[in-house]
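Structure first, then comments.
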């Protein structure tokens, strides 16, 4: 049976594709061609899902793959906070179909865990213009609604696999669309503080061991907190407090150098 068309707020321009390489790549092509902010790509099926650093995302059957085009006015460092905004919105969308006792947590800065297994991931990508401002960016969301194919290096989970028998990818997409619109406006008007507070309610426990990998770098240690900019504070094996910023984590998804104006 085919999916019904999602009911989304009118500010979104929904683009439905039956099958594509990935929702993220499809949205990036549209953004380069001039797609307006609010263009939301929903791929019913994707052949070559893209995770962070170009890694292959195991897509599975009847999971949710969507990607939103934005044209922000802030610099890259500020725009990368949208990853945490999107985490909050994805978690809230999942929670609407969850049992009250299910545990939903975050892993900085772009993973959602369900009962300790990765159920969803966020990627940011884009093209930088002058003064480190993205000409456009794409926020891509992948949610394991129906199944979680074999994962690489982490424990995976799906909503149905954790007992959400009524899990519906259209319902998750609709809830995400509403929550994102609400939270992105709040972030724009009130700054990062409410995002930080909401993220902290589902963050790792202080002192919980964590490993963060980005680019060719890796830091392992105990989670401390995220600061007022969204940067991660982690205590390494030598008891040093290490800071990993959102910008350095996502930087290579926007190119390594600022193009000439």
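Residue numbers (this note's numbering): 3 to 263. Ideal placement from N, C-alpha and C gives every residue a C-beta, glycine not left out. Quick caveat, the model's predicted, so the values are computed rather than measured.
Give the DSSP-derived three-state secondary structure of residue i in the structure shown.
i, result
"residue 1", "Lying before the first or after the last residue shown, residue 1 is absent from the chain, which here runs from 3 to 263."
"residue 74", "coil"
"residue 197", "helix"
"residue 136", "strand"
"residue 81", "helix"
"residue 14", "coil"
"residue 150", "coil"
"residue 144", "strand"
Could you check which residue in the options has the C-alpha nearest to that of residue i?
i, options, result
"residue 133", "195, 77, 108 and 45", "77"
"residue 144", "174, 167, 164 and 118", "174"
"residue 224", "88, 210, 17 and 169", "210"
"residue 203", "222, 89 and 149", "89"
"residue 219", "254, 122, 185 and 191", "254"
"residue 136", "73, 114 and 170", "73"
"residue 138", "37, 147, 98 and 189", "37"
"residue 257", "15, 98 and 131", "131"
"residue 142", "148, 241 and 122", "122"
"residue 193", "124, 125 and 230", "230"
Grab me the residues of residue i's own chain with a C-beta within less than 6 Å of its C-beta, minus the 5 sequence neighbours each way, in chain order.
i, result
"residue 29", "43, 69, 71 and 140"
"residue 46", "20"
"residue 82", "248, 249 and 252"
"residue 119", "157, 158 and 159"
"residue 227", "235"
"residue 79", "249"
Tell me whether the beta-carbon of residue i lies closer than 8 Å to the beta-carbon of residue j.
i, j, result
"residue 160", "residue 26", "no"
"residue 264", "residue 6", "No information on residue 264 is available, as it lies outside the stretch 3 to 263 that the chain covers here."
"residue 166", "residue 93", "no"
"residue 91", "residue 185", "yes"
Which residues in the same chain have their Cβ closer than 8 Å to the Cβ of residue i, if we skip the five residues on either side of it in sequence?
i, result
"residue 9", "176"
"residue 117", "104, 105, 159 and 164"
"residue 205", "107, 108, 110, 225, 227 and 228"
Can you find the residues in the same chain that come closer than 7 Å, C-beta to C-beta, to residue i, ignoring five residues on each side of it along the sequence?
i, result
"residue 86", "111, 197, 201 and 232"
"residue 95", "174, 177, 178 and 181"
"residue 221", "214, 236, 238, 244 and 246"
"residue 13", "40 and 183"
Closer than 8 Å is the cut-off here; do at least three beta carbon pairs connect the region 63-75 with the region 206-217? These segments do not touch.
Does the structure place the region 101-118 close enough to the region 173-182 that three or more beta carbon pairs sit under 8 Å? Between the region 173-182 and the region 101-118, the count of C-beta pairs closer than 8 Å stays below three; the two stretches do not touch.
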